[in-house]
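Below: one structure, written as structure tokens.
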Amino acid sequence: MSKIILYISAFVPMYVLFLINLVVELINGNLSFNITNTCVLVFLFALMLVGIIGLVVIIHSGERSIETIRVVSKKNITDQHFLNYFSLFVLLALAFDLSKLCSVCVFIVILVFIGIVYVKNNIFYVNPLLNIMGYSFYDIVYETEEGKGGEVRIFYKGEIEVGDKQYKLSVSNKNLNFLKDGSVKIFQKFFKK
4 MSKIILYISA
14 FVPMYVLFLI
24 NLVVELINGN
34 LSFNITNTCV
44 LVFLFALMLV
54 GIIGLVVIIH
64 SGERSIETIR
74 VVSKKNITDQ
84 HFLNYFSLFV
94 LLALAFDLSK
104 LCSVCVFIVI
114 LVFIGIVYVK
124 NNIFYVNPLL
134 NIMGYSFYDI
144 VYETEEGKGG
154 EVRIFYKGEI
164 EVGDKQYKLS
174 VSNKNLNFLK
184 DGSVKIFQKF
194 FKK
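Here our numbering is used: the first residue of the sequence shown is 4, the next is one more, and so on.
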């Protein structure tokens, strides 16, 4: 279930674009409150709430084991994924007229197809909502205090320092990791390579 919620949260910016479009058209009198428009408004609003609230719940739930790590190497790979995904938002927002039932059906089918690929391939790191919130996506190699090493994909708000600086890596049963630097809490991981 957490995988589906992470997928839904990735599309929150697109839901906002569609809501703005529908509300402006309704205010301008270009659309009326019929069954299709009302259902689409409710559906988009519900998806937004599920995405935002679900993401917050996933981040703050689950038992975690915390270990202190030192980052050995990092690679910011935000740009490799974000722009392709964001262009999908723009194309969907411009191409679909969600006041027409046929467009609504095609929109839902496209979301289902993208969702299957997103969940099956564990590409939760492609999440424009987190990018908009200021997080960047990194592949890091780290070393624990005990000298054990590992690799992880994380979101981090700010610049990760390589070297002697220590971070707290919190590993969750929900396939999410968190990195803490002093009092700054950061949303992190997704899946190890």
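Glycine included, each C-beta is placed from N, C-alpha and C at the ideal position. Remember, predicted model here, so these are calculated numbers, not experimental data.
Asked	Found
Residues that DSSP places opposite residue 79 in a beta bridge	141
Selected residue, minimal CA-CA separation from residue 79, among 115, 167, 134	134
Inter-residue spacing [alpha-carbon to alpha-carbon] between residue 145 and residue 40	50 Å
Residues bridged to residue 71 (per DSSP)	171
Integer Cβ distance of residue 47 from residue 34, believed to fall under 8 Å	With a Cβ gap of about 14 Å, residue 47 and residue 34 do not count as contacting.
Closest Cα partner of residue 77 within the set 149, 172, 140, 17	140
Beta-carbon proximity check, residue 74 vs residue 8, cutoff 8 Å	no
Residue interval of the alpha helix (DSSP H) (run including residue 10)	5-13
Contact belief for residue 49 with residue 131 at Cβ below 8 Å, rounded distance in angstroms	In fact, because the Cβ distance is near 19 Å, the residues do not count as touching under 8 Å.
Same chain, Cβ closer than 6 Å to residue 100, five either side skipped, listed in chain order	106
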